[in-house]
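Visitor: Chains as they are written, first to last, in my numbering: chain A, 62 to 306; chain B, 62 to 306. Glycine included, every Cβ here is placed at the ideal spot set by N, Cα and C. After the structure tokens below, expect a handful of questions from me.
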């Protein structure tokens with residue numbers, strides 16, 4: 062098992078109004094750690110792009126003990142834990158300067174053929190580099206609880222912006238977090254702190270699309286859905302704890 | 062004159078679809094360099110906040126020779142050049158790994174009383190630390206060319222999002238770049254590369270506001286305006302060069 066770590070400092074433009082690391086940045090830093098590990102192992106983007114393949118994330122689980130504040134120095138540790146011919150399971154742990162684990166992320170990845178966007182078999186020579194454990198079945202993550210037709214739903218339209226698209230020509234994964242959080246009323250965001258996220262991607266979104274971010278608010282939980290017309294693009298479930306102002 | 066520098070590497074989530082540093086990040090990195098200089102000189106945020114004062118930017122000029130690509134290591138150099146009792150002029154230079162200057166930013170700053178949002182006199186002991194040159198008049202920047210009523214204008218509404226607000230409780234300055242760029246048609250963005258920006262802030266924007274981003278496109282220039290109802294929030298002028306696809 063090849064473990065890898067990176068260090069990041071929280072800068073002011075990576076924080077939200079609370080002065081703590083913004084939600085989408087958690088995802089950006091996790092993906093950055095896995096990218097840099099792939100580069101370090103000599104199987105980075107140029108290797109798989111040359112074969113017409115790209116990594117995509119299918120599902121995330123995020124557990125947040127606390128979000129780090131501006132100026133904090135964070136270590137992000139990751140490794141490819143288990144794989145089978147189609148999937149890899151990759152955990153990430155975020156440690157603060159005292160060595161306390163403050164955020165844990167788990168993720169399921171697959172590879173797609175860049176041209177037809179279909180799932181592809183993982184090339185053995187690439188997977189071998191990560192020294193993951195080969196398993197028959199990748200342990201599944203629970204599905205996010207679905208929004209029901211009877212639920213009292215809040216919904217808002219978001220136009221996919223030029224800067225939502227990254228160098229891979231697709232909507233940056235972390236934008237889904239932004240749309241899902243932004244539709245939650247400010248009064249709720251000001252009195253609640255997020256403790257966990259379970260997010261599952263279903264269908265891709267492109268530049269120029271207008272998506273609908275839908276949320277059903279519970280007391281300490283929320284159900285989310287990103288819709289592109291009648292098509293579900295992503296579903297998620299967030300958990301929250303009350304905070305005193 | 063106290064010069065200061067920081068180093069940053071372009072990460073994938075800081076790039077746009079071209080694989081090069083996104084426009085708003087230029088501003089974020091410049092402001093970061095000035096913040097870290099203030100911290101290093103012992104006159105950072107805690108010092109001026111304790112006196113009820115905050116720094117704000119009034120105007121920017123940005124000249125871009127080339128935007129750095131993902132993985133490039135950039136050095137950002139800055140110093141407070143000139144000041145008078147109300148204004149500071151601060152340049153920034155971005156150098157690539159070969160020591161070539163690839164981006165140059167100039168900026169005019171003032172301090173405001175946090176409570177009434179009015180301009181405040183710069184405290185002499187704070188300004189002294191930067192060892193800037195004291196002048197009678199801060200050299201002015203030209204005003205961006207204004208949009209005329211007769212101009213053929215493209216306009217789009219943007220709702221101020223939760224994550225547009227930073228830890229200072231205000232819309233992050235760099236969001237104006239995003240709104241101004243996003244309203245430009247994709248076909249133009251795909252065939253033009255930005256070479257310079259002159260942006261002047263007029264009035265603040267807050268969470269929950271819906272602003273209008275307006276643009277008048279020329280051949281190799283564009284005029285921009287951010288409106289909050291009938292109030293001008295910012296004006297800008299961009300210059301572009303043609304790029305071959």
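Can the beta-carbon of residue 122 (chain B) be found closer than 8 angstroms to that of residue 174 (chain B)?
Guide: No, Cβ-Cβ distance for residue 122 (chain B) and residue 174 (chain B) is not below 8 angstroms.
Visitor: Anyone know if the C-beta pair for residue 134 (chain B) and residue 93 (chain A) falls short of 8 angstroms?
Guide: No; because the gap between Cβ atoms is not below 8 angstroms, this pair is not in contact.
Visitor: Please list the terminal residues of the continuous alpha helix (DSSP H) segment that includes residue 87 (chain A).
Guide: Where residue 87 (chain A) is concerned, the enclosing alpha helix (DSSP H) stretches over 84 to 101.
Visitor: Check whether the segment 224 to 240 of chain B touches the segment 205 to 215 of chain B, counting contact only when three or more Cβ pairs, one atom from each stretch, lie closer than 8 angstroms.
Guide: The segment 224 to 240 of chain B is not in contact with the segment 205 to 215 of chain B.
Visitor: Which value, in whole angstroms, describes the spacing of the CA atoms of residue 130 (chain A) and residue 213 (chain B)?
Guide: Rounded to whole angstroms, residue 130 (chain A) to residue 213 (chain B) spans 45 angstroms at the Cα level.
Visitor: Using a 10 Å radius around the Cβ and a threshold of 16 neighbouring Cβ atoms, would you call residue 197 (chain A) buried or exposed?
Guide: It counts as exposed.
Visitor: Taking a Cβ distance cut-off of 7 angstroms, strictly less, list which residues of the segment 123 to 150 of chain A are near chain B, in chain order.
Guide: Cβ contacts with chain B: 131.
Visitor: Within a Cβ cutoff of 7 angstroms, which residues of the same chain sit near residue 240 (chain A), ignoring the five residues on either side of it in sequence?
Guide: Excluding residues within five positions, the ones whose Cβ falls inside 7 angstroms are 219, 272, 274 and 287.
Visitor: Hey, could you find the ends of the alpha helix (DSSP H) residue 106 (chain A) is sitting in?
Guide: Taken as a continuous stretch (DSSP letters only), the alpha helix (DSSP H) holding residue 106 (chain A) covers 106 to 111.
Visitor: Count the CB pairs spanning the segment 141 to 155 of chain B and the segment 182 to 196 of chain B that are closer than 8 angstroms, and state whether there are at least three.
Guide: Contact between the segment 141 to 155 of chain B and the segment 182 to 196 of chain B is present, because at least three Cβ pairs lie under 8 angstroms.
Visitor: Which residues bound the alpha helix (DSSP H) around residue 252 (chain B)?
Guide: Residue 252 (chain B) -> alpha helix (DSSP H) spans 247 to 252.
Visitor: Taking only beta-carbon atoms, is residue 247 (chain B) less than 8 angstroms away from chain A?
Guide: Chain A contact via Cβ: present.
Visitor: Taking the straight line between their C-alpha atoms, what separation do you get for residue 211 (chain A) and residue 277 (chain A)?
Guide: Using only the alpha carbons, I get a separation of about 10 angstroms.
Visitor: Does the beta-carbon of residue 238 (chain B) have 16 or more other beta-carbons within 10 angstroms, so that it is buried, or is it exposed?
Guide: Under this definition residue 238 (chain B) is a buried residue.
Visitor: Rounded to whole angstroms, how far is the Cβ of residue 76 (chain A) from the Cβ of residue 227 (chain B), which I believe are closer than 8 angstroms?
Guide: Confirmed, Cβ separation roughly 7 angstroms.
Visitor: Whole angstroms are fine: how far does the CA of residue 178 (chain B) sit from the CA of residue 263 (chain B)?
Guide: Rounded to whole angstroms, residue 263 (chain B) to residue 178 (chain B) spans 13 angstroms at the Cα level.
Visitor: At the level of alpha carbons, what is the spacing between residue 294 (chain A) and residue 82 (chain B)?
Guide: Each residue's Cα considered, the two are about 28 angstroms apart.
Visitor: Using 8 angstroms for Cβ pairs, my map puts residue 88 (chain B) next to residue 255 (chain B). What's the rounded Cβ distance?
Guide: That belief does not hold up - the Cβ atoms of residue 88 (chain B) and residue 255 (chain B) are roughly 13 angstroms apart, past 8 angstroms.
Visitor: With distances taken from CA atoms, which of A:169, A:252, A:99 and A:80 is nearest residue 189 (chain A)?
Guide: Nearest C-alpha to residue 189 (chain A): A:99.
Visitor: Going along the chain, which unbroken runs of the beta strand (DSSP E) with 3 or more residues stay wholly within the segment 263 to 306 of chain B?
Guide: Segments of the beta strand (DSSP E) lying fully in the segment 263 to 306 of chain B: 271 to 278, 282 to 289 and 292 to 303.
Visitor: What are the residues in the segment 160 to 177 of chain B lying within 7 angstroms of chain A by C-beta distance?
Guide: Result list empty, no residue passes.
Visitor: Going along chain B in order, which residues have a C-beta closer than 9 angstroms to the C-beta of residue 226 (chain A)?
Guide: The answer, in chain order, is 77 and 78.
Visitor: Could you tell me which of B:215, B:107 and B:164 sits nearest to residue 247 (chain B), measuring between CA atoms?
Guide: Looking at the Cα atoms, B:215 is the closest of the given residues.
Visitor: Residues of chain B with CB closer than 7 angstroms to the CB of residue 96 (chain A), please, in chain order.
Guide: Within chain B, the residues near residue 96 (chain A) are 73.
Visitor: Could you give the C-beta distance for residue 283 (chain A) and residue 245 (chain A), rounded to a whole number, given that I count them as a contact under 8 angstroms?
Guide: Their Cβ separation, rounded to whole angstroms, is 7 angstroms, which keeps residue 283 (chain A) and residue 245 (chain A) in contact under 8 angstroms.
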